[in-house]
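In the numbering used here, the protein residues as written are 699 to 930.
Right, one structure below, let's go through it.
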């Protein structure tokens with residue numbers, strides 16, 4: 699899977715072009731301005747490509763904590779639901795309360811929290827983040843990615859990441875946790891193979907098929923894909 703990293707529709711078009719040329723790219727999570735006057739039309743236009751499976755607003759870069767819960771997004775969200783698209787929530791802990799309100803208002807929208815909401819691993823604090831994530835778990839439309847944690851560890855390594863990864867598994871269970879590589883950003887703190895191996899130690903082996911592929915297939919509606927072919 700390819701997941702958008704820039705606030706430009708041109709980047710989404712580029713990724714969809716790559717997906718059209720390379721069958722191993724099973725899906726794209728793109729971007730459009732969800733508050734634009736023509737946002738619903740933009741969502742419909744992007745959704746015409748069968749490999750477009752979701753939209754990701756760059757919430758971590760938006761100053762307003764409650765941007766996601768603005769009713770101005772409702773036309774775009776309605777279009778996403780109508781076209782069976784998911785929302786990748788690239789959030790920080792400060793966004794979790796508004797995200798809870800948003801997810802509660804849109805129970806038909808599938809939402810996945812990217813990077814476990816980037817918990818404060820470097821500082822070693824966990825309680826407030828865990829409590830906020832636990833409230834979101836109560837909503838069945840909210841899933842979470844086991845991704846991006848190593849770059850939040852401040853160089854403390856996998857041992858510092860483990861309590862946070864295990865918390866995500868405990869809260870979301872093996873049914874709603876999705877492995878993600880966070881490549882190439884991952885390279886700031888490690889390498890792909892080592893990150894996969896570390897995550898495999900965080901998750902019991904009997905749940906590897908689900909967490910490392912099957913859940914992504916279910917969440918993103920990847921008909922015909924196999925667990926071995928999917929990594930977000």
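Idealized CB from N, CA, C, for every residue including glycine.
Treat the numbers as computed from the prediction; the structure is a model and nothing was measured.
* Asked: Hey, is the segment 863-881 in contact with the segment 889-901, meaning 3+ C-beta pairs nearer than 8 Å?
  -> The segment 863-881, when compared against the segment 889-901, does touch it at the 8 Å Cβ threshold.
* **Euclidean distance between Cα positions of residue 886 and residue 745** => Reading the chain shown from its first residue, position 188 is the one you call residue 886. Reading the chain shown from its first residue, position 47 is the one you call residue 745. Approximately 33 Å, taken between the alpha carbons.
* Please go through the same chain and pick out, in chain order, the residues whose beta-carbon is closer than 7 Å to the beta-carbon of residue 720, but skip the five residues on each side of it. => Taking the chain shown and counting its residues from 1, one reaches residue 720 at position 22. Hits under 7 Å: none found.
* Take every Cβ of the segment 709-716, pair it with every Cβ of the segment 734-742, and state whether three or more of those distances are shorter than 8 Å. => Flag = no, the segment 709-716 and the segment 734-742 do not touch.
* Asked: Exposed or buried, residue 803, counting other C-beta atoms within 10 Å across all chains shown (16 or more means buried)?
  -> Here residue 803 corresponds to residue number 105 of the chain shown, with the count starting at 1. It counts as exposed.
* Name the residue from 831, 797, 841 whose alpha carbon lies nearest to the alpha carbon of residue 914. => Within the chain shown, numbered from 1, the residue matching residue 914 stands at position 216. Ranking 831, 797, 841 by Cα distance to residue 914 puts 841 first.
* Asked: What's the C-alpha gap between residue 730 and residue 737?
  -> Within the chain shown, residue 730 is the residue found at index 32, counting from 1. Within the chain shown, residue 737 is the residue found at index 39, counting from 1. Using only the alpha carbons, I get a separation of about 7 Å.
* Asked: Looking at C-alpha atoms only, which residue of 754, 759, 734 is the closest neighbour of residue 771?
  -> Locating residue 771 in the chain shown gives position 73, where the first residue counts as 1. Nearest neighbour of residue 771 by Cα position, chosen from 754, 759, 734, turns out to be 734.
* For the ligand FMN, any of its heavy atoms closer than 7 Å to the Cβ of residue 830? -> The ligand FMN is absent from the structure shown, which contains no ligand whatsoever.
* **Distance, residue 751 Cα to residue 769 Cα** => The count along the chain shown starts at 1 and reaches residue 769 at position 71. The count along the chain shown starts at 1 and reaches residue 751 at position 53. Cα-Cα distance, rounded: 23 Å.
* Might you give, ordered along the chain, the residues of its own chain that have their beta carbon closer than 7 Å to the beta carbon of residue 763, omitting 5 neighbours on each side? => Translated into positions along the chain shown, residue 763 becomes position 65. Excluding its 5 nearest sequence neighbours in each direction, residue 763 has C-beta neighbours in its own chain below 7 Å: 792, 793, 796, listed in chain order.
* Tell me whether residue 912 is buried or exposed, calling it buried when 16 or more other Cβ atoms sit within 10 Å of its Cβ. => For the purposes of this step, residue 912 is identified with residue 214 of the chain shown, where counting begins at 1. Answer is buried; the Cβ neighbour count reaches 16.
* Which stretch, first to last residue, makes up the alpha helix (DSSP H) that contains residue 709? -> Counting from one through the chain shown, the residue named residue 709 turns up at place 11. Unbroken alpha helix (DSSP H) run through residue 709: 707-719.
* To do: Measure the beta-carbon distance from residue 811 to residue 859 and round it to whole angstroms, keeping in mind my assumption that it falls under 8 Å.
  => Position 113 of the chain shown, counted from the first residue, corresponds to residue 811. Position 161 of the chain shown, counted from the first residue, corresponds to residue 859. 16 Å between Cβ atoms; not a contact.
* Measure the alpha-carbon distance for residue 874 versus residue 800 and round it to whole angstroms. => The residue you call residue 874 lines up with position 176 of the chain shown. The residue you call residue 800 lines up with position 102 of the chain shown. The C-alpha of residue 874 lies about 19 Å from the C-alpha of residue 800.
* **Endpoints, the beta strand (DSSP E) within which residue 784 is located** => Numbered from 1 along the chain shown, position 86 holds the residue referred to as residue 784. Looking at the DSSP string, the run of the beta strand (DSSP E) that includes residue 784 is 784-787.
* Leaving out five residues before and five after residue 749 in sequence, what residues of the same chain have Cβ atoms less than 8 Å from its Cβ? -> As a working mapping, residue 749 is identified with position 51 in the chain shown. 714, 717, 718, 723, 724, 725, 726, listed in sequence order.
* Asked: Between which two residues does the alpha helix (DSSP H) carrying residue 866 extend?
  -> What you label residue 866 is simply residue 168 of the chain shown in a count that begins at 1. Unbroken alpha helix (DSSP H) run through residue 866: 856-870.
* Cα-Cα separation between residue 847 and residue 758, rounded to whole angstroms -> Along the chain shown, one-based indexing puts residue 847 at 149. Along the chain shown, one-based indexing puts residue 758 at 60. In a straight line, the C-alpha of residue 847 is about 15 Å away from that of residue 758.
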